[in-house]
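Below: the structure, in structure tokens.
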Amino acid sequence: MTKTTSILKVAFRAMGRNKMRSLLTALGIIIGVACVVATIGIGEGARVQTEQQLQSLGTNFLMIHPGTVTSSGARSGWGSNSKLSEEDVAAIRAEVPTVSYVSASIRSVAQVVYGNQNWSTSIQGGEVDWPAIRSWNVAQGQFFTDQDNRAAAKVCVLGQTVATTLFGTEDPVGKTIRIKNIPFRVVGVLEPKGGSMMGQDQDDTVVAPYQTVRKKIMGTTAVGMIMAAVSTPELVDRAQEEITALLRQRHRINRAAGQEDDFMIRSQTEMLARAEEQSKTMAILLWSIAGVSLLVGGIGIMNIMLVSVTERTREIGVRMAIGAKGSDIRAQFLVEAVVLAIAGGVLGIALGVGIQEAVAKLAGWPVAVTTSSVSLAFVFSAVIGVTFGFYPALKASRLDPIEALRYE
Amino acid sequence: MAASSAEPVIRIRDLTRVYRMGDSEVRALDGVTLDVAPGEFLAVMGPSGSGKSTFMNILGCLDRPTSGTYVLEGTDVSTLDRNERAGIRNDKIGFVFQSFNLLSRTSALENVELPLLYSRKHRLSDAGQLEKARGCLAKVGLAERWDHTPAQLSGGQQQRVAVARALVNDPAILLADEPTGNLDSRTSDEIMGIFQELNEEGKTVVLITHEHDIAEYARRVVAFRDGRIVSDDVVKERRSAKGTR
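Protein sequence lines correspond, in order, to chains S and R.
Read left to right, the first sequence gives residues 1 to 408 (the working numbering).
Read left to right, the second sequence gives residues 1 to 245 (the working numbering).
What follows is the structure, encoded as structure tokens:
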């Protein structure tokens, strides 16, 4: 038996002697570590979830919204008076080479009817680049063509929800539905996409050619929004700058003269940043609970170690009498504190993973138990054991062997 | 005096120990001079307050004298610091206490092994340590009970484990502080028999006691009073332990 194994053996024996006391002492650490593990895990799960949702929106994606307009000193809200035109779309396509796909877009809500079924849903108008920009392909049939768009053909593609609601098990491709009493031929059905970041069902939609929706359904000349996509994420910022410059030039906006943009570009990175901001608030809350709990847990360990040193004064005296140095005694009690803290840490990790799985299940998030969170929690508890175990261990090592042997 | 021609194992010159209590001073030891030769069996006697406990603490390197010198096996230990004294205790002194002082919930064998863990002298292998500890347990007649914890052993058996623990590092002296104080007379006789046996084999034994009949197991008796040695005699009618264990 070496000194190390002996120290460990004594430490475990001391912990096992007062099981209830050890458990209660470790409770602070258990809760603290559980918080750390759950915080990191839930945060990570939420981040992965957000990323997936943004990814489902389409990769490397830019949205150009019409901006606020000032007329006679009164500023109207975003998109109140669209200054975006089909010429802008054409200009971006022709003059911004960084952009690989571009599509005018327009959106409305209408009642769609098939046979005796009817359903209120969102009608989106897009151009041929729409599936590429949204990374959203058709599952059955095909997407409409550029020809369909130019001719304002009455064709449409259904989202999964709409397809199921109107057609049930029937194959919708080739059938005719009525949107605002206008007959549209269904040419395809989109892949299922799932919920959006805001919790909306993205599959509850009908996509038709931009020109058709603009002229036949909305009867307007304004472009609702321009969607664009670049080939790699690194190009997003550059594309944003180039589009801004182009549109300012086209709309004759002089920033130097204090004129404001009449459009607004939002990129995916920007939305990602906003989502991260929100999860940060929650993380700060959980981290502070974890911090307080770990501090309280550490104080609990210090307290119980001081009690233990007093209880075992005689044992310390005996050990010193047979030749234990102060450093041997110090190591013994330090190891006991660390063993207690790590035992609490291990239980805390188990509890934290449990909490995280439960939350992930409730929120429908992907579970992300990272090795980094587990090892971080482990290191945390060891550090607490050393920090709060040091003073009691030092106290034990400084006992006078004569006094300690006489202690009753 | 039972002094022999050999170099003494304990050589004490003019030892004093003064405790300060507020403004007053208490001279617990007041100029003690003593030599103990290897292989002696010395009993230190005296009533409480005579300074024999203070003497034992210094002899056991648990405490330092205020003045005077104490040379143990050729090493002056009167000026060593805490850690150095811990090393000396481990290396050269085998303690046996009145209240046994075994570690509870720890097997007899592990108790005996304990000093080896703190040893810096001869680092034995695991197997070597076990063998050494088992040998010492066998010497006190407890080889078969190596896995018993103190709670499972009688008082006499616990004290034998304590003797085995004191022997495990081959100390220069066995220092027994009232080793029979918690035992009945028959068990006391057994324990004193073990000390006599070890002494026959050449071990130097120093026994601290206040009982005359226990002191009579020794070969030489030193009596303390008021911090001084008042008598130093050879035991004339030596008691020997009855029967074997």
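Every residue gets a Cβ at the ideal spot worked out from N, C-alpha and C, and that includes glycine.
Here the structure is a predicted model, which means the values were calculated and not measured.
Bounds of the beta strand (DSSP E) holding S:I106 are 99 to 114. Counted as a single uninterrupted DSSP element, the alpha helix (DSSP H) harbouring S:S6 occupies residues 3 to 17.
Within the DSSP bridge table, the entry for S:N118 names S:V113 as partners.
Nearest in C-alpha terms to R:A108, of all of R:P150, R:S119, R:N83, is R:P150. For S:I92, the uninterrupted alpha helix (DSSP H) run begins and ends at 86 to 95, by DSSP.
Taken in chain order, the unbroken stretches of beta strand (DSSP E) that lie wholly in the region 248 to 327 of chain S and span 3 residues or more are 263 to 267. Looking from the CA of S:E87, the closest CA among S:H251, S:M15, S:A152 belongs to S:H251. The C-beta separation of S:S279 from S:V236 comes to about 22 Å, leaving the pair out of contact by the 8 Å criterion. The DSSP-derived three-state label of R:A172 is coil. S:N118 and S:Q111 do touch by the CB rule: their CB atoms are close to 6 Å apart, below 8 Å. Going by beta carbons, R:A215 and R:V206 fall outside the 8 Å limit. Closer than 9 Å at the C-beta level to chain S, one finds no residue of the region 15 to 47 of chain R. Judged by DSSP secondary structure, R:G31 falls within the beta strand (DSSP E) whose first and last residues are 24 to 36.
Annotation: R:T33 to R:D14 spans about 5 Å, alpha carbon to alpha carbon. Between the alpha carbons of S:F390 and S:I384 lies a gap of roughly 10 Å. Interface annotation for the region 307 to 320 of chain S against chain R: R314, E315, G317, V318, R319, M320, criterion Cβ-Cβ distance under 9 Å. Sixteen is the threshold: since fewer than 16 other Cβ atoms of the shown chains lie within 10 Å of the Cβ of R:P47, the residue is exposed. Going by beta carbons, R:G51 and R:L29 fall inside the 8 Å limit. Look at R:Y70: its C-beta is not under 8 Å from any C-beta on chain S. The Cβ atoms of S:D129 and S:V102 sit closer than 8 Å to each other. Closer than 8 Å to the CB of S:K325 there is at least one CB belonging to chain R. Going by beta carbons, S:P401 and S:F333 fall outside the 8 Å limit. Taking CB atoms only, R:D232 has no neighbour in chain S less than 8 Å away. Note on geometry: alpha-carbon atoms of R:A223 and S:L24 lie some 54 Å from one another.
Counting C-beta pairs closer than 8 Å gives fewer than three between the region 71 to 86 of chain R and the region 123 to 139 of chain R, which falls short of the contact rule. For the pair S:I322 and R:Y118, the CB atoms are nearer than the 8 Å cut-off. As computed with DSSP, S:I243 is found in no beta bridge at all. Judged by DSSP secondary structure, R:L167 falls within the alpha helix (DSSP H) whose first and last residues are 155 to 167. With fewer than 16 other Cβ atoms from the protein chains shown falling within 10 Å of its own Cβ, R:A6 counts as exposed. Taking a Cβ-Cβ threshold of 9 Å, none of the residues of chain S is close to R:N182; the smallest such distance is about 14 Å. Contact check for R:T204 and R:E178: beta-carbon distance about 18 Å, past the 8 Å limit, so the pair fails to qualify. Judged by their CB atoms, S:T205 and S:V155 are not nearer to each other than the 8 Å cut-off.
Relative to the Cα of S:R150, the nearest Cα in the group S:R214, S:W136, S:D203 belongs to S:R214. Sequence-distant partners of R:V44 (beyond 5 residues in either direction) whose C-beta falls short of 6 Å from its own C-beta, in its chain, are K52, I208, V222. Chain order gives the chain R residues near S:R13 as R105, T106, where near means a beta carbon separation below 9 Å.
For R:D63, the residues of chain S that pass the 7 Å Cβ criterion are I402, in the order they occur in the chain.
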